[in-house]
Amino acid sequence: MHTASAYVRSILFLAVALLALPAMASQNTLLIVGDSLSAAYGVPSETAWVQLLRNRLQSNGLAGWEVVNASISGETTDGGARRLPELIAENDPEVVIIELGGNDGLRGFPPNVIESNLASMIEQVQDSGARAVLVGMQIPPNYGQRYTEMFAEIYPKLSDRYNTDLVPFFLDGIYNEDGLMQDDGIHPTEEAQARLLENVWPVIGPILE
Numbered sequence: 004m005h006t007a008s009a010y011v012r013s014i015l016f017l018a019v020a021l022l023a024l025p026a027m028a029s030q031n032t033l034l035i036v037g038d039s040l041s042a043a044y045g046v047p048s049e050t051a052w053v054q055l056l057r058n059r060l061q062s063n064g065l066a067g068w069e070v071v072n073a074s075i076s077g078e079t080t081d082g083g084a085r086r087l088p089e090l091i092a093e094n095d096p097e098v099v100i101i102e103l104g105g106n107d108g109l110r111g112f113p114p115n116v117i118e119s120n121l122a123s124m125i126e127q128v129q130d131s132g133a134r135a136v137l138v139g140m141q142i143p144p145n146y147g148q149r150y151t152e153m154f155a156e157i158y159p160k161l162s163d164r165y166n167t168d169l170v171p172f173f174l175d176g177i178y179n180e181d182g183l184m185q186d187d188g189i190h191p192t193e194e195a196q197a198r199l200l201e202n203v204w205p206v207i208g209p210i211l212e
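For any residue, its number in our numbering is found by taking its place in the sequence shown, counting from 1, and adding 3.
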């Protein structure tokens, strides 16, 4: 009798486990590795573009995607490249958004160093079997025409080399619009967060859908 009861419990446990499998299997991870632009610097986290992305995925019936935001204010491409292996190991993402380079440019880092670090990140993502999405950046013209052009060229060059998806310019329609940049002239305001999402969505939307 005792053996029969144990057998029934085992069958019930197995049935519950099997019912849970589809939900577990349908969960995918989108990993964002960025700087203050994605870390909600100076804006409420609930209205930042990453949270707006989560909200849109829910409303579009894409709740099977989990968005992991590993962005850190002040992050550079070097820091991102060093953190990435552990982030990939911990989260096993299907898609990785790389939103880095702005701080490197503002600090005047050599373009070839920035390019090398971003290339390393893309290679790590692709070697893991995930899909890399590169978010393009530009820096103010006061850094000199040659430097600003070399910096801007990094992103399309890498996208072509590695055949990655590319957001051409994250701050498009934001950096030069009244009320959409904070007083520091570097970070978008709360009102600009929806535009940040709209700049990213045409690229990542079809991937996630």
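Backbone N, C-alpha and C fix where the C-beta goes; we use that ideal spot for every residue, glycine too.
Inset, instruction - Any chance you could list the beta strand (DSSP E) runs of at least 3 consecutive residues sitting entirely within the region 28 to 97, in chain order? - result: 31 to 37, 68 to 72
Inset, instruction - Rounded to whole angstroms, what's the CA-CA distance from E201 to I101? Just pull it up for me. - result: In the sequence shown, counting from the first residue as 1, residue 201 sits at position 198. In the sequence shown, counting from the first residue as 1, residue 101 sits at position 98. For E201 and I101, the distance between alpha carbons rounds to 17 Å.
Inset, instruction - Could you please give the first and the last residue of the uninterrupted beta strand (DSSP E) stretch that includes D168? - result: For the purposes of this step, residue 168 is taken as residue 165 along the sequence shown, with counting starting at 1. Here the beta strand (DSSP E) through D168 covers 168 to 170.
Inset, instruction - May I have the straight-line CA-CA distance separating P205 from N145, to the nearest angstrom? - result: Counting from 1 along the sequence shown, the entry for residue 205 is found at position 202. Counting from 1 along the sequence shown, the entry for residue 145 is found at position 142. Near 30 Å, if we compare the C-alpha coordinates of N145 and P205.
Legend entry - Residue(s) in a DSSP beta bridge with M140: For the purposes of this step, residue 140 is taken as residue 137 along the sequence shown, with counting starting at 1. Beta-bridge analysis with DSSP links M140 to no other residue.
Inset, instruction - Give the DSSP-derived three-state secondary structure of R110 in the structure shown. - result: Residue mapping note: residue 110 aligns to position 107 of the sequence shown, counting from 1. Coil, per DSSP.
Inset, instruction - Determine the closest residue to G105 out of D175, D186, L65, L40, with distance taken between C-alpha atoms. - result: The sequence position of residue 105 within the sequence shown is 102, counting from 1. When only C-alpha atoms are compared, the closest one is L40.
Inset, instruction - Out of A155, D38, A43, state which residue places its alpha-carbon closest to the alpha-carbon of T80. - result: Position 77 of the sequence shown holds residue 80. When each option's Cα is compared against that of T80, the closest is D38.
Legend entry - Rounded C-alpha distance that separates N218 from I157: Given that the chain is displayed from residue 4 to residue 212, the structure contains no residue 218 and the question cannot be resolved.
Inset, instruction - Tell me A135's beta-bridge partners as DSSP assigns them. - result: Walking along the sequence shown from the start, residue 135 turns up at place 132. DSSP output for A135 lists V99 as bridge partner(s).
Inset, instruction - Can you tell me the Cβ-Cβ gap for I210 and D168, rounded? I've got them flagged as a contact below 8 Å. - result: By one-based count along the sequence shown, residue 210 stands at place 207. By one-based count along the sequence shown, residue 168 stands at place 165. Yes, I210 and D168 are in contact; Cβ-Cβ is about 7 Å, under 8 Å.
Inset, instruction - For P171, collect the residues of the same chain with a Cβ closer than 8 Å to its Cβ; drop the 5 residues on either side in sequence, then sort them by chain order. - result: Looking up residue 171 in the sequence shown gives position 168. Cβ within range, chain order: G139, Y158, P159.
Inset, instruction - Would you decide whether P143 is buried or exposed? Buried here means 16 or more other CB atoms lie within 10 Å of its CB. - result: What you label residue 143 is simply residue 140 of the sequence shown in a count that begins at 1. Burial call: exposed.
Inset, instruction - Please determine if the region 46 to 62 and the region 82 to 97 are in contact, where contact requires at least 3 C-beta pairs separated by less than 8 Å. - result: no
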